[in-house]
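J.: This is the structure I want to talk about, given as structure tokens.
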Amino acid sequence: MIFFATLAAASAYLGDAEILANIQAGRVVCSNPDDASRTCSTISRYEMHPDGSLLETSELLIAPAQNVTLTVKAKITLKRGAICGSMLKSDLDEAKVKVAGQPIPDESNKQALAKLEAGFAGLFGKEACEVLKVEGDQLLKIGSLDGVEVPLPPKRVRWISANSGFKVASPPQS
Numbered sequence: 081m082i083f084f085a086t087l088a089a090a091s092a093y094l095g096d097a098e099i100l101a102n103i104q105a106g107r108v109v110c111s112n113p114d115d116a117s118r119t120c121s122t123i124s125r126y127e128m129h130p131d132g133s134l135l136e137t138s139e140l141l142i143a144p145a146q147n148v149t150l151t152v153k154a155k156i157t158l159k160r161g162a163i164c165g166s167m168l169k170s171d172l173d174e175a176k177v178k179v180a181g182q183p184i185p186d187e188s189n190k191q192a193l194a195k196l197e198a199g200f201a202g203l204f205g206k207e208a209c210e211v212l213k214v215e216g217d218q219l220l221k222i223g224s225l226d227g228v229e230v231p232l233p234p235k236r237v238r239w240i241s242a243n244s245g246f247k248v249a250s251p252p253q254s
């Protein structure tokens, strides 16, 4: 019985209240944090509107070797400790591509988004949810799509201050 109590204490999911407290404190989620280079593979920022709705703005590293990122916004909700939202084609149409931290020209951005659309098309309108799970001293993000867990390993994540100096980029290769 003690083993199961220890196991339960070592592994817990964050609830809505904890997630909201981090959002209200201005923290952002850094995926795959690298402290030495102060980089993340994704940084997700959350904005709470007066009506209680939430907007997630995520910058994702989509081509690590070329340091290409995609910034996309989507409405989200919290559901029993899960951050959930459905990506729409219009969300991708309004996304921004950057190379080495610099936005690319509008026409190039449109062309890049058109190429990315095929890869994202299968996600449009589907509910994607991510739960944040504490395991030992690690915070992990586990995804699901339309209620089915995504068969990928969990990502290490960390709540960080929005002005902590982390950026979306590949960590330097040693």
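FYI, in the working numbering the residues of the sequence shown are 81 to 254.
Note that beta-carbon positions come from the ideal geometry of N, C-alpha and C, so glycine has one too.
Just to confirm before moving on: does the CB-CB distance between C164 and V248 stay below 7 Å?
T.: Not in contact: C164 and V248 (Cβ atoms no closer than 7 Å).
J.: Exposed or buried, what is A88 when buried is set at 16 or more other beta-carbons lying within 10 Å of its beta-carbon?
T.: Residue placement at A88 is poorly supported in this model, since its pLDDT is 44, which falls under 50; the coordinates are not used for a value here.
J.: Under the assumption that S210 contacts A162 (Cβ atoms under 8 Å), give the Cβ distance between them as a whole number of angstroms.
T.: One detail in the question is off: residue 210 reads as Glu in this sequence, not Ser. Indeed, because the Cβ distance is near 7 Å, the residues count as touching under 8 Å.
J.: For V152 and L172, what's the separation of their Cα atoms in angstroms?
T.: Approximately 6 Å, taken between the alpha carbons.
J.: Does the Cβ-Cβ distance between K213 and Y93 come in under 7 Å?
T.: A contact, by the Cβ cut-off of 7 Å.
J.: Note down, in chain order, each residue of its chain lying with its Cβ closer than 8 Å to the Cβ of L134, except the 5 sequence neighbours on either side.
T.: Cβ neighbours of L134 beyond the five flanking positions: I103, Y126, E127, M128, K155, I156, T157, L158.
J.: Might you give, ordered along the chain, the residues of its own chain that have their beta carbon closer than 6 Å to the beta carbon of M81, omitting 5 neighbours on each side?
T.: Any answer about M81 is weak, because its pLDDT of 45 lies below 50 and its placement is not dependable; what the coordinates show is given next. Counting only Cβ-Cβ distances below 6 Å, and skipping sequence neighbours, we find nothing.
J.: From the DSSP output, in three-state form, read off A198 for me.
T.: Looking at A198 - three-state DSSP - the assignment turns out to be helix.
J.: Output the distance between the C-alpha atoms of P231 and I222, rounded to the nearest integer angstrom.
T.: The alpha-carbon atoms of P231 and I222 are separated by roughly 9 Å.
J.: Which residues mark the beginning and the end of the beta strand (DSSP E) in which L158 is found?
T.: 148-159 is the extent of the beta strand (DSSP E) around L158.
J.: Taking the alpha-carbon of K206 as reference, which of D186, A116, Q191, G227 has the nearest alpha-carbon?
T.: Cα-wise, what sits closest to K206 is G227.
J.: What's the gap between the Cα of L150 and the Cα of P144?
T.: The straight-line gap from Cα to Cα measures roughly 11 Å.
J.: Given this structure, state the Cα-to-Cα distance separating S241 from F204, to the nearest angstrom.
T.: Cα to Cα, S241 sits roughly 30 Å from F204.
J.: Which same chain residues, not among the five before or five after A175, have their C-beta less than 7 Å away from its C-beta?
T.: The residues are L150, T151, V152, L193.
J.: Where does the unbroken beta strand (DSSP E) through A143 begin, and where does it stop?
T.: Element bounds for A143: 134-143.
J.: Suppose contacts are defined by Cβ-Cβ distances below 7 Å. Is N147 in contact with A116 by that definition?
T.: Against a cut-off of 7 Å, the Cβ pair of A116 and N147 comes out as no contact.
J.: Does the beta-carbon of R118, which I'm using as the reference point, lie nearer than 6 Å to any heavy atom of the ligand MN?
T.: The model depicted lacks the ligand MN and carries no ligand whatsoever.
J.: Where does Q182 sit, in a helix, a strand or coil, going by DSSP?
T.: Strand.
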